[in-house]
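Asker:
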Amino acid sequence: MKPKTALMFGALNIAAVLPIGAQAGVVQIASQAAFSASGTIVQNTNWDAYPTGPTFPGSPFTVGDLTFVQQGSYNLIEGAGGGSGGYNLARALFTNFSLLGTTVQITGTFDLLGFNAGNLLGDGPATFTIITNLNTYAFSDMVYSATNQAPLTFFGFEATGGEHIVSINYIGNTGPGITDVQLGDTVPEPAAWALTLIGLGGMGLTMRSRRRAAAA
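Right, here's the structure in full:
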């Protein structure tokens, strides 16, 4: 018969791996500051080194843990400045040549994804479809024109409840493009840390109790 102490801490150890009140899903983060405070950013990819005008990087195009896959047309990096299209962007953007959308596949188990976005063809809505290891989530948001040196808009997403982000697709009729693509991991909540420490302590007591029982 196991000691009561071992049974009690064994149960706490099981609970330590379960998020407290966590529900699976993807939530949107409104600002870069809030996104940065949510965890640790491990990759930040931009296209600032690309020349003025269009560059066609091919498909699939991989940078670190990101792989950009064209959707029926060419991947396009539209450089900053005037360029052949006369967009006069403040920052180079990754988009699709024929407005057919871009899919970004993500390697690893990141639960944070953020980027700056802007349109090449005026203000208009874009759809961001995020696929996690468990589900698919779609967000529709206004993306503003990035032409004539206009500022970009930040979009951030966090997968919760044990999910991680596998890919994102973005598409819109006004040519959405993105830069500063950030991947990261969230910081566990203090309550989760506390329960994890209790669980680790329970594991230690359980092991000691078993050794004592075996010696007896």
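Read left to right, the sequence shown gives residues 1 to 216 (my numbering). For glycine and all other residues, C-beta sits at the position ideal for the given N, C-alpha and C.
Whole-angstrom Cβ separation of valine 104 and leucine 66, contact assumed at under 8 angstroms?
Answerer: With 8 angstroms as the limit, valine 104 and leucine 66 qualify as a contact, their Cβ atoms being about 6 angstroms apart.
Asker: For the stretch 87-156, which segments carrying the beta strand (DSSP E) assignment without a break, of at least 3 residues, lie completely within its bounds, in sequence order?
Answerer: Here the runs fully enclosed are 93-96, 102-106, 112-119, 124-132, 136-143.
Asker: Near isoleucine 71, which residues of its chain fall below 7 angstroms by C-beta distance, leaving aside the five closest residues on each side in sequence?
Answerer: According to the sequence provided, residue 71 is glutamine. The question's isoleucine does not apply to it. Excluding residues within five positions, the ones whose Cβ falls inside 7 angstroms are Asn96, Leu100, Gly101, Thr102, Thr103.
Asker: Decide if glutamine 149 is buried, meaning its Cβ has at least 16 other Cβ atoms within 10 Å, or exposed.
Answerer: Counting Cβ neighbours within 10 Å, glutamine 149 comes out exposed, since fewer than 16 surround it.
Asker: Between the stretch 151-167 and the stretch 105-119, can you find at least three pairs of beta-carbon atoms closer than 8 angstroms?
Answerer: Taking 8 angstroms as the limit for Cβ pairs, the verdict is that the stretch 151-167 does touch the stretch 105-119.
Asker: In this structure, how does DSSP classify phenylalanine 35 when only helix, strand and coil are distinguished?
Answerer: Helix, per DSSP.
Asker: Looking at C-alpha atoms only, which residue of Gly64, Ser31, Ala33, Thr52 is the closest neighbour of valine 42?
Answerer: Of Gly64, Ser31, Ala33, Thr52, the residue nearest in Cα terms is Gly64.
Asker: Within its chain, find whatever has a CB closer than 8 angstroms to the CB of valine 187; leave out the 5 residues flanking it on each side and keep chain order.
Answerer: Here the set comprises Ser38, Gly39, Thr40.
Asker: Is it buried or exposed for glycine 21, if we count other Cβ within 10 angstroms and need 16 for buried?
Answerer: Note on glycine 21: pLDDT 43, under 50, position unreliable in the model; the coordinate value appears next. Exposed is the call here.
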